[in-house]
Amino acid sequence: MKKLLSMLLASAMVLSLAACGGGGGGGAASSKPAASNPAASNPAASTPAGDPMADLIAAAQAEGELVVYGSCEEEYLSAACAKFEELYGIKTTFQRLSTGEVQAKIEEENGNPSADVWFGGTTDPYNVVAAEGLLEAYDAQNAVHITKDVYKHSDNMWYGIYTGILGFMVNKDELDRMGLDAPQDWPDLLDSKYQGLIWLSNYNTAGTAKLVINTMIQKYGHDDGIQYLVDLDKNIEVYTKSGSGPSKNVGTGECIIGIGFLHDGITQILDNGYGNIELIIPSSGTTCEIGATAIFKGAKHPNAAKLWIEYALSPDCVNQADEFGSYQFLVLDNAEQPQAAYDFGLDPNNVMDYDFDDATANIGTYVEEVMNALATAGANTGDTGRFQTE
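Numbering-wise, the numbering used here puts 210 at position 10 of the sequence shown, and it's gapless, one number per residue.
1) Please report the distance separating the alpha-carbon of L380 from that of T408.
2) For D339, which residues from the same chain have a beta carbon less than 7 angstroms from its beta carbon, with the 5 sequence-adjacent residues on both sides left out?
3) Roughly how many whole angstroms lie between the Cα atoms of L215 and C488?
4) In whole angstroms, what separates the C-alpha of S298 from that of T323?
5) Can you name the start and end residues of the alpha helix (DSSP H) that M571 belongs to?
6) Helix, strand or coil for K348 per DSSP?
7) Can you give me the start and stop residues for the alpha helix (DSSP H) that R603 sits inside?
8) Return the chain-ordered ranges of every alpha helix (DSSP H) run that is complete within the segment 462-547 and spans a minimum of 4 residues.
9) Alpha carbon to alpha carbon, how far is Q341 from L389? Give it in angstroms, no decimals.
10) If you scan the segment 254-326 from start to end, which runs of the beta strand (DSSP E) of 3 or more residues do you find wholly inside it?
11) Any chance you could list the beta strand (DSSP E) runs of at least 3 consecutive residues sitting entirely within the segment 409-458, in chain order?
12) Does the distance from the CB of N414 to the CB of T440 come in under 8 angstroms?
13) So what does DSSP say about L390, is it helix, strand or coil?
14) Using a Cβ distance threshold of 8 angstroms, determine whether the segment 528-542 contacts the segment 282-295, with at least three qualifying pairs required.
15) Round the Cβ separation of K335 and T486 to the nearest angstrom and send it over; I've been treating them as touching at under 8 angstroms.
16) Tell me which residues share the same chain as I490 and place their Cβ nearer than 8 angstroms to its Cβ, disregarding the 5 neighbours each side in the sequence.
17) Helix or strand or just coil, what does DSSP make of G364?
18) Using the three-state DSSP reduction, which class does G460 fall into: helix, strand or coil?
19) What's the call for R377, buried or exposed, on a 16-neighbour Cβ count within 10 Å?
20) Just reading off the beta strand (DSSP E) that S354 is part of, what are its end residues?
21) Which one or two residues does DSSP pair with E332 in a beta bridge?
22) Assign D159 to one of two classes, buried (16 or more other C-beta atoms within 10 Å of its C-beta) or exposed (fewer than that).
23) Can you tell me the Cβ-Cβ gap for I436 and P383, rounded? I've got them flagged as a contact below 8 angstroms.
24) What are the boundary residues of the beta strand (DSSP E) that includes L397?
25) Classify E301: buried if its beta carbon has 16 or more other beta carbons within 10 angstroms, exposed otherwise.
26) Taking 6 angstroms as the limit between beta carbons, can you name the residues of its chain near H463, skipping five residues before and five after?
27) Only counting the same chain, and skipping five residues up and downstream in sequence, which positions put a Cβ closer than 7 angstroms to that of L546?
28) Taking just the CA atoms, how far does Q427 sit from A573?
29) What's the gap between the Cα of T292 and the Cα of V317?
30) When the distance is taken between beta carbons, is P538 closer than 8 angstroms to A561?
31) Between N404, V370, M416, which lies nearest to Y394 when the distance is taken from Cα to Cα?
32) Near A219, what residues of its chain come up, given a Cβ to Cβ distance below 8 angstroms and the 5 sequence neighbours on each side ignored?
33) Measure the beta-carbon distance from G525 to Y276 and round it to whole angstroms, keeping in mind my assumption that it falls under 8 angstroms.
34) In whole angstroms, give me the CA-to-CA distance for S392 and D433.
35) Please name the residue or residues paired with M369 in a DSSP beta bridge.
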């Protein structure tokens, strides 16, 4: 039904999908169990002798527990954890945190993590903690299904599971009421007519916002990229803690123009019924995230963590995504792509080249430079009502 609805909506909507250039702190969400009957069904227990996964499965089941920090949306996170528990009989608990929150917790815990694995969220923060020695390398068997080398860390510190396109989501009804055209490209967002209408996520807490920083610096150069973000700040009403925060408020009209991943907009259209949302790919080009999974250095359940990586790189995990409101493109050759993303005209290959090495090496510095530049220009970066951390 969703697939049919997506096709009808996609054909009815006037989508601005212009071609791109050539070719990813605060309060914690509550932790909860993934399923109420962890050992009710355990097909993995009968894994044939000689299967290369058999020893890993047995060792993981002997540990009996797994703790997941998840930075994808909670509905998908919960479903992924429940399925893992169902398949392997391993008690699985999770906590939903933004990528910035996970990074901060893992850095504070410094090799004694309170979780075993990280699931979902864009890779800029993953790369930071990998460089700090806080992720564990693992040579995953199922990584053979990853379609491009760029979708995994060069030293196997993380593996990609999906990719999503950065763009704009706008409330068509509200723009029509105001007599405003929708922005079609990054420079359009600087027009004073959009003052107070734009939402973005917090550079300190959201991987999405870190990707925005890297995109602008790579697109315009270091100084001009930071200046662009200073100029953009004049039109931004609020910076949400999570990267999906803007998308969740566009349909209601609280946010008129949201910057974020377009698959989050599809979720609002298909799952929450907001047909007043238009999706826009910036006409001069944009980037995409790589959503990843990784093992934390010092994980208390190392075999269960390795088994999670194998599971996360399998159809058992990723094919659930669009059933639970996550419409990212999948990066595994044996996965079933979400038809809804294609129905809305998105193309994972129609993005700019992205310098992952520069992003990895410098994003911490870039965030600090942007926040300092905003403060120098007069923004109250300590205002947690605007720069949200909860």
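C-beta atoms are modelled at their ideal positions from N, C-alpha and C, and glycine is treated no differently. Everything numeric in this text was worked out from a predicted model, so none of it was measured.
Taking the structure as given:
1) Working through the sequence shown from its first residue, we reach residue 380 at position 180. Working through the sequence shown from its first residue, we reach residue 408 at position 208. Between L380 and T408, the C-alpha separation is close to 26 angstroms.
2) Working through the sequence shown from its first residue, we reach residue 339 at position 139. Cβ within range, chain order: N356.
3) Sequence index remark: in the sequence shown, residue 215 carries index 15 (1-based). Sequence index remark: in the sequence shown, residue 488 carries index 288 (1-based). Low local confidence applies: a pLDDT of 35 at L215 is under 50, so the model's placement there is unreliable, with the coordinate-based value given in what follows. If I take the Cα positions, the gap works out to 18 angstroms.
4) In the sequence shown, counting from the first residue as 1, residue 298 sits at position 98. In the sequence shown, counting from the first residue as 1, residue 323 sits at position 123. Each residue's alpha carbon lies about 12 angstroms from the other.
5) Taking the sequence shown and counting its residues from 1, the one referred to as residue 571 is at position 371. Looking at the DSSP string, the run of the alpha helix (DSSP H) that includes M571 is 556-576.
6) Counting from 1 along the sequence shown, the entry for residue 348 is found at position 148. Here K348 sits in coil by DSSP.
7) The question about residue 603 has no answer here: the residues shown for the chain are numbered 201 through 590.
8) Whole alpha helix (DSSP H) segments, 4+ residues: 462-470, 502-512, 515-518, 539-543.
9) The residue you call residue 389 lines up with position 189 of the sequence shown. The residue you call residue 341 lines up with position 141 of the sequence shown. About 44 angstroms.
10) If we require 3 residues or more, the beta strand (DSSP E) runs fully inside the segment 254-326 come out as 265-270, 291-296, 317-322.
11) 436-440
12) As a position in the sequence shown, residue 414 is number 214, starting the count at 1. As a position in the sequence shown, residue 440 is number 240, starting the count at 1. No. Outside cutoff.
13) Looking up residue 390 in the sequence shown gives position 190. Helix.
14) no
15) As a first step, residue 335 is located in the sequence shown; it is residue number 135 there, counting from the start. As a first step, residue 486 is located in the sequence shown; it is residue number 286 there, counting from the start. At residue 335 the sequence reads Leu, which differs from the Lys that was named. About 27 angstroms separates the Cβ atoms of L335 and T486, ruling out a contact at the 8 angstroms cut-off.
16) As a working mapping, residue 490 is identified with position 290 in the sequence shown. Correct list, in chain order: G224, T322, T323, V350, Y351, G360, Y362, T363, V531.
17) Numbered from its first residue, the sequence shown carries residue 364 at position 164. In the structure shown, G364 sits in a strand (DSSP, three-state: E or B).
18) As a first step, residue 460 is located in the sequence shown; it is residue number 260 there, counting from the start. Here G460 carries a strand assignment [DSSP, helix/strand/coil].
19) Residue mapping note: residue 377 aligns to position 177 of the sequence shown, counting from 1. The residue is exposed, with fewer than 16 neighbouring Cβ atoms inside 10 Å.
20) On the sequence shown, residue 354 is found 154 positions in, with the first residue counted as 1. No beta strand (DSSP E) contains S354, which DSSP labels as neither H nor E.
21) By one-based count along the sequence shown, residue 332 stands at place 132. Looking at the DSSP assignment, E332 forms no beta bridge with any residue, so it has no partner.
22) With the chain running from 201 to 590 in the structure shown, residue 159 is simply not present.
23) On the sequence shown, position 236 is the one that residue 436 refers to. On the sequence shown, position 183 is the one that residue 383 refers to. With 8 angstroms as the limit, I436 and P383 do not qualify as a contact, their Cβ atoms being about 13 angstroms apart.
24) Taking the first residue of the sequence shown as position 1, residue 397 is located at position 197. Neither: L397 is in no beta strand (DSSP E) and is coded neither H nor E.
25) Working through the sequence shown from its first residue, we reach residue 301 at position 101. Per the 10 Å Cβ criterion, buried.
26) The count along the sequence shown starts at 1 and reaches residue 463 at position 263. Excluding sequence neighbours, H463 sits near G364, Y527, Q528.
27) Counted from its first residue, the sequence shown places residue 546 at position 346. For L546, where only same-chain residues beyond five positions count, the Cβ hits under 7 angstroms are I365, L462.
28) Counting from one through the sequence shown, the residue named residue 573 turns up at place 373. Counting from one through the sequence shown, the residue named residue 427 turns up at place 227. Each residue's alpha carbon lies about 8 angstroms from the other.
29) Working through the sequence shown from its first residue, we reach residue 292 at position 92. Working through the sequence shown from its first residue, we reach residue 317 at position 117. Taking the straight line joining both Cα atoms gives about 11 angstroms.
30) Residue numbering aside, residue 561 sits at position 361 when the sequence shown is read from its first letter. Residue numbering aside, residue 538 sits at position 338 when the sequence shown is read from its first letter. Against a cut-off of 8 angstroms, the Cβ pair of P538 and A561 comes out as no contact.
31) Within the sequence shown, the letter at position 194 stands for residue 394. Answer by Cα proximity: V370.
32) As a working mapping, residue 219 is identified with position 19 in the sequence shown. The pLDDT assigned to A219 is 30, lower than 50, so where the model puts this residue is not dependable; a value taken from the coordinates is nonetheless given after this. Excluding positions up to five away in sequence, the list reads S483, N550.
33) Taking the first residue of the sequence shown as 1, we reach residue 525 at position 325. Taking the first residue of the sequence shown as 1, we reach residue 276 at position 76. Indeed, because the Cβ distance is near 7 angstroms, the residues count as touching under 8 angstroms.
34) Working through the sequence shown from its first residue, we reach residue 392 at position 192. Working through the sequence shown from its first residue, we reach residue 433 at position 233. C-alpha separation (whole angstroms): 11 angstroms.
35) Position 169 of the sequence shown, counted from the start, is the residue given in the question as residue 369. M369 pairs with G458, L479.
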